[in-house]
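A short write-up of the structure that comes next.
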Amino acid sequence: MATPKVSKVTCLRRCATRQRARAGSVLKIVGTELAAVNAVTYLGSYGSGDNTTVKVRAGSEHRLNARVPIGAVTGPMSLATSSGGRSAATKPVLILPPLPPEPNAELSPVPGPRMNGAPRIETGTSRTKAFVDARPGVTFSFRLSGASAAALKVELVNATDGVAVKTWTPQEVAPDQVQSISWNGRLGRMAAKPGRYSFRLTAASADGAEVRSAQSGDIDRDSFDLYDNIFPVRGRHDFGGAGAHFGAGRAGHTHQGQDVMAKCGTRMVAARGGRIEFKQYHAAAGHYIVIDGDGTDLDYVYMHLDQPSPFGEGDRVYTGQTIGAVGDSGNAQGCHLHFELWSAPGWYDGGKPFDPLPSLTAWDSWS
Ligand SMILES: [Zn+2]
81 MATPKVSKVT CLRRCATRQR ARAGSVLKIV GTELAAVNAV TYLGSYGSGD
131 NTTVKVRAGS EHRLNARVPI GAVTGPMSLA TSSGGRSAAT KPVLILPPLP
181 PEPNAELSPV PGPRMNGAPR IETGTSRTKA FVDARPGVTF SFRLSGASAA
231 ALKVELVNAT DGVAVKTWTP QEVAPDQVQS ISWNGRLGRM AAKPGRYSFR
281 LTAASADGAE VRSAQSGDID RDSFDLYDNI FPVRGRHDFG GAGAHFGAGR
331 AGHTHQGQDV MAKCGTRMVA ARGGRIEFKQ YHAAAGHYIV IDGDGTDLDY
381 VYMHLDQPSP FGEGDRVYTG QTIGAVGDSG NAQGCHLHFE LWSAPGWYDG
431 GKPFDPLPSL TAWDSWS
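Residue numbering for the sequence shown follows my numbering, beginning at 81 and increasing consecutively.
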């Protein structure tokens, strides 16, 4: 059984430098017995939790190229063959975090190889940051010119593993017409995993000449980062002192949420879309609403709104949609959002509140 052996790894394309790769780079691996290698694993740091594996097609005994998937972190690599051979771990490869996706909101011509006779294509993607269950979602637009296309396919590729998670087959239309498809961050009834995704269009002419908008592993073109929640307070804010935290003492009970201090009137949005379960007034909570988070087990609770939310019980709202404004209604000391997260089965329905600060801090970091 061939045991591949690596002598040198350098960054070949889309690198930070020759010695420093980043997600989306292509590495050149030089060694011996490489012809049967079909997978490369980035071992990262200690433990297997951060391992990522990509499939490769070996070119020769002595060299092969491997792309760096988006989840890969600095560490050694190991090569595996189809018959179970495995190389020793290499010296660590330096891998920087990925660059943010390149905005391509307007249609732009696709560079790169195109078979003779294939249509010319232009593509565009409406945003580089998208949220699960938001409206509008992320829109991919494209236009074909030159040859007419007999077959069109749009794939949504998860940049972490290069797997197409969703496929559309748009109807053929007259050349030069712009077509669009939209995605809301869901795969069937499930929310897609957060992370980097790319749209990839394949168009073939009647005689089979094919063109693609992106090569596999391209995490820049028509790419966007998908997040599962947006920060609910859309203006200057802070998380207050110790008394604002979950579990802080209150007369007769403990604080069941996290306060987010902001000016009265600051716009407030649904961190996650869903159905409004309650919209009421309470002497302590003031104007409040409870949203059953779509595709989650969680209830999202927003209190002390300056006015009743314009939405009513039973209404459907989407991630990022304005649901009211920060206020000090009810028993509130200063203007703030009192925010709670409740586990299943839900708010005062058998669920339990838990500390929402780690979630809020994460959402705040990207939105
Ligand atoms: Zn509070």
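For every residue, glycine included, the Cβ atom is placed at its ideal position computed from N, Cα and C.
Of the heavy atoms belonging to ligand 1, none sits nearer than 7 Å to the Cβ of G404. D318 and Y398 have their alpha carbons spaced roughly 24 Å apart. Sequence-distant partners of D339 (beyond 5 residues in either direction) whose C-beta falls short of 6 Å from its own C-beta, in its chain, are G320, A324, H416 and H418. When distances are taken from the beta-carbon of D408 to the heavy atoms of ligand 1, even the shortest one reaches 7 Å or more. Around the Cβ of T376, a 10 Å sphere holds 16 or more other Cβ atoms; the residue is buried.
Out of V173, A351 and G327, the CA that lies nearest to the CA of I371 is found in A351. Spatial neighbours of T90 in its own chain (CB-CB distance under 6 Å, excluding positions within 5 residues in sequence) are listed in chain order as R98 and K108. Bridge pairing for A231: A284 [DSSP]. Residue pairing by DSSP places Q259 opposite F222 in a beta bridge. The beta carbon of W446 is closer than 7 Å to those of Y307 in its chain, skipping five residues each way along the sequence. Bounds of the beta strand (DSSP E) holding P189 are N184 to P189. Every residue whose Cβ sits closer than 6 Å to any heavy atom of ligand 1 is listed here in chain order: H335, G337, D339 and H418. Under the three-state reduction of DSSP, D429 is assigned to coil, being neither helix nor strand.
Contact between T170 and H142 fails: their C-beta atoms lie close to 15 Å from each other, not under 8 Å.
In terms of Cα proximity to M157, the closest of N411, V117, A185 and R94 is V117.
Residues G410 and N411 of the same chain have their beta carbon placed closer than 7 Å to that of A364, with the five preceding and five following residues left out of the count. Uninterrupted beta strand (DSSP E) stretches at least 3 residues long and entirely within the region 364-411 occur at 366-373, 379-385 and 402-405, given in chain order.
In the DSSP assignment, S125 falls outside any alpha helix (DSSP H) and carries neither an H nor an E. Three or more Cβ pairs drawn from the region 265-280 and the region 238-251 lie within less than 8 Å of each other, which places the two stretches in contact.
Contact between V349 and P312 holds: their C-beta atoms lie close to 6 Å from each other, under 8 Å.
Across the set Y428, P191 and I356, the C-alpha of I356 shows the shortest separation from the C-alpha of G394.
By a beta-carbon distance limit of 8 Å, S221 contacts G204. Their separation comes to about 5 Å. In this structure, the straight-line span from the alpha carbon of A229 to that of S262 is close to 21 Å. Within the DSSP secondary-structure output, L267 pairs in a beta bridge with M270.
S105 counts as buried, since at least 16 other C-beta atoms from the protein chains shown sit within 10 angstroms of its C-beta. Relative to the Cα of Y368, the nearest Cα in the group Y380, E235, L378 and H384 belongs to H384. Annotation for K209: D305 place their beta carbon closer than 6 Å to its own, counting only its chain and skipping 5 residues before and after. Bounds of the beta strand (DSSP E) holding A160 are M157 to T161.
Between N184 and R301, the CB-CB gap stays under 8 Å. The shortest CA-to-CA distance from M270 to any of V190, A342 and V212 is the one to V212. Counted as a single uninterrupted DSSP element, the beta strand (DSSP E) harbouring L92 occupies residues K85 to R93. Around the Cβ of D429, a 10 Å sphere holds fewer than 16 other Cβ atoms; the residue is exposed. The DSSP assignment places 338-341, 347-349 and 354-362 as complete runs of the beta strand (DSSP E) inside the region 330-362, in order along the chain (cut-off: 3 residues). Contact check for G366 and Q387: beta-carbon distance about 10 Å, past the 8 Å limit, so the pair fails to qualify. Classified as buried, Q336 has 16 or more neighbouring CB atoms from the shown chains inside 10 Å of its CB.
By the neighbour-count criterion, in which 16 or more other beta carbons inside 10 Å mark a residue as buried, R147 falls on the buried side.
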